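K.L.:
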Amino acid sequence: MSDLTLNAARLHRRHLLLGAAALTGLSACSQSTTSSPQGGQTGGDITLRMSWWGGASAHKATLNALQRFEKRHPHIRVRGEYTGFTGHLERLTTQIAGNTAPDVMQINWYWQTLFSRDGEGFT
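Structure (structure tokens):
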């Protein structure tokens, strides 16, 4: 197997693992629908926004994972917001500053310090 093929396989596996991690986070959001501390709706359907970037294969894999998630959790809809890598950081920064950030987002690990309150990353 060539180095290029190995790297592509690792990248594809990484995207699948990232998608699984994001869906795990979405599942945690769906655990309790009996109370609403923010004064919003109780029970019923939920719509979340998820933002990610990547190439065509990552986009396709993420959409497939979202469809499977929605099938397993029929009361949750996930609205995907896909972009290429170029401009993704700027878009998220603008959304966060404007209090319109997606509920779930893919970020590069080194962006954690940019988006954390104390500059130390998420803890």
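According to my numbering, the sequence shown is numbered sequentially starting from 192. We put the beta carbon where it would ideally sit given N, CA and C, even for glycine. A quick note: this is a predicted structure, and the numbers were derived from the prediction, not measured.
Since residue 248 is in the alpha helix (DSSP H), which residue starts that stretch and which ends it?
P.N.:
For this step, residue 248 is matched to residue 57 along the sequence shown. Counting along the chain, the alpha helix (DSSP H) containing residue 248 begins and ends at 247-263.
K.L.:
In the DSSP assignment, what residue or residues form a beta bridge with residue 272?
P.N.:
On the sequence shown, position 81 is the one that residue 272 refers to. Note: residue 272 sits in a beta bridge opposite 242.
K.L.:
Of the residues 247, 267, 278, 250, which one's Cα is nearest the Cα of residue 240?
P.N.:
Locating residue 240 in the sequence shown gives position 49, counting from the first residue. Measuring from the Cα of residue 240, the nearest candidate turns out to be 267.
K.L.:
Following the continuous alpha helix (DSSP H) through residue 298, name the residue where it begins and the one where it ends.
P.N.:
For the purposes of this step, residue 298 is taken as residue 107 along the sequence shown, with counting starting at 1. Taken as a continuous stretch (DSSP letters only), residue 298 belongs to no alpha helix (DSSP H), as it is neither H nor E.
K.L.:
Given a cut-off of 9 Å on the beta-carbon distance, is the pair residue 242 and residue 303 in contact?
P.N.:
Position 51 of the sequence shown, counted from the start, is the residue given in the question as residue 242. Position 112 of the sequence shown, counted from the start, is the residue given in the question as residue 303. No. Outside cutoff.
K.L.:
Measure the Cβ-Cβ separation of residue 284 and residue 254 and say whether it is below 9 Å.
P.N.:
For the purposes of this step, residue 284 is identified with residue 93 of the sequence shown, where counting begins at 1. For the purposes of this step, residue 254 is identified with residue 63 of the sequence shown, where counting begins at 1. For residue 284 and residue 254, no; Cβs fall outside 9 Å.
K.L.:
Can you tell me which of 248, 275, 309, 269 puts its alpha carbon nearest to the alpha carbon of residue 293?
P.N.:
Here residue 293 corresponds to residue number 102 of the sequence shown, with the count starting at 1. Selected option, being the one with the closest Cα: 269.
K.L.:
Suppose the cutoff is 7 Å on Cβ atoms and the five residues either side in sequence are ignored; what does the same chain contact list for residue 280 look like?
P.N.:
Residue numbering aside, residue 280 sits at position 89 when the sequence shown is read from its first letter. So the list reads 302, once near-sequence residues are dropped.
K.L.:
According to DSSP, which residues form a beta bridge with residue 237?
P.N.:
Looking up residue 237 in the sequence shown gives position 46. Looking at the DSSP assignment, residue 237 forms a beta bridge with 267.
K.L.:
Given that a residue counts as buried once 16 or more other Cβ atoms are within 10 Å of its Cβ, and exposed if not, what is residue 245?
P.N.:
Counting from 1 along the sequence shown, the entry for residue 245 is found at position 54. Label assigned to residue 245: buried.
K.L.:
Under 8 Å Cβ to Cβ from residue 236, same chain only, skipping five residues before and after it: list those, please.
P.N.:
Here residue 236 is taken as the residue at index 45 of the sequence shown, counted from 1. Counting only Cβ-Cβ distances below 8 Å, and skipping sequence neighbours, we find 266, 267, 268.
K.L.:
When DSSP labels each residue in this structure, what does residue 311 get in the three-state scheme?
P.N.:
Residue numbering aside, residue 311 sits at position 120 when the sequence shown is read from its first letter. Coil at residue 311, not helix or strand.
K.L.:
Using the beta-carbon count (16 or more within 10 Å), is residue 258 buried or exposed?
P.N.:
As a working note, residue 258 is residue 67 in the sequence shown. Exposed.
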